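Here is the structure we will look at.
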Amino acid sequence: MKLLLAILPTVVLTLYSQFITKWRVGVLADQVASATLLTRVIRYLSDPLILSSYAMTLIASIAWFAVLERYELSLAYPIFIGVMFASVTIGGMVFFGEPVTATRLFAILLIFMGIIAGTR
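Right, here's the structure in full:
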């Protein structure tokens, strides 16, 4: 449980980054649909919310340092990835209307079972 609490800042900041980037790219894609790749990239990277997501990713990396100081990488990283996979999948379903399938739900269940087993 302590490990899950330790990775929580990294998870929350990374989720913010992923969801904001997905949302803003979706909004901006219509505006730059016919533009060149370079123009699209410049437009995306000049968006304040996308820049904020990059800042949160940097802060998440700094928060990750604290996790690595206290826990083994071979334990912390798989749990982080599992929590991220499940959280992004659920968030994609809730916020972006991505499809809910039995396979995805089963995968999330397996991940949570693995997290429980891995933290004991």
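Residue numbers (the working numbering): 7 to 126.
No residue lacks a Cβ here, since even glycine has one placed at the ideal position from N, Cα and C.
All figures in this text were calculated on a predicted structure; none of them were measured in a lab.
Query: In this structure, how does DSSP classify Ile-107 when only helix, strand and coil are distinguished?; Result: Per the sequence presented here, residue 107 reads as Thr, with Ile not at that position. Correct three-state label for Thr-107: coil.
Query: Taking just the CA atoms, how far does Val-89 sit from Ile-122?; Result: 11 Å
Query: With respect to the alpha helix (DSSP H) encompassing Glu-75, which residues constitute its N-terminal and C-terminal limits?; Result: 54-76
Query: Out of Pro-54, Val-73, Ser-52 and Ser-59, which has the shortest C-alpha to C-alpha gap to Thr-20?; Result: Ser-59
Query: Is the beta carbon of Leu-34 closer than 8 Å to that of Tyr-22?; Result: no
Query: Please check the pair Ala-69 and Thr-16, which I expect to be a contact at CB under 8 Å, by giving their CB distance rounded to whole angstroms.; Result: 5 Å
Query: Write down the C-beta distance between Thr-45 and Val-38 rounded to the nearest angstrom, noting that I regard them as a contact closer than 8 Å.; Result: 6 Å
Query: Just to confirm the assignment, what range does the alpha helix (DSSP H) spanning Arg-126 have?; Result: From DSSP, Arg-126 is part of no alpha helix (DSSP H); its letter is neither H nor E.
Query: Is the beta carbon of Ile-13 closer than 8 Å to that of Ile-85?; Result: yes
Query: Give me, in chain order, the residues of the same chain whose beta-carbon lies closer than 6 Å to that of Thr-125; leave out the 5 immediate sequence neighbours on both sides.; Result: Leu-9
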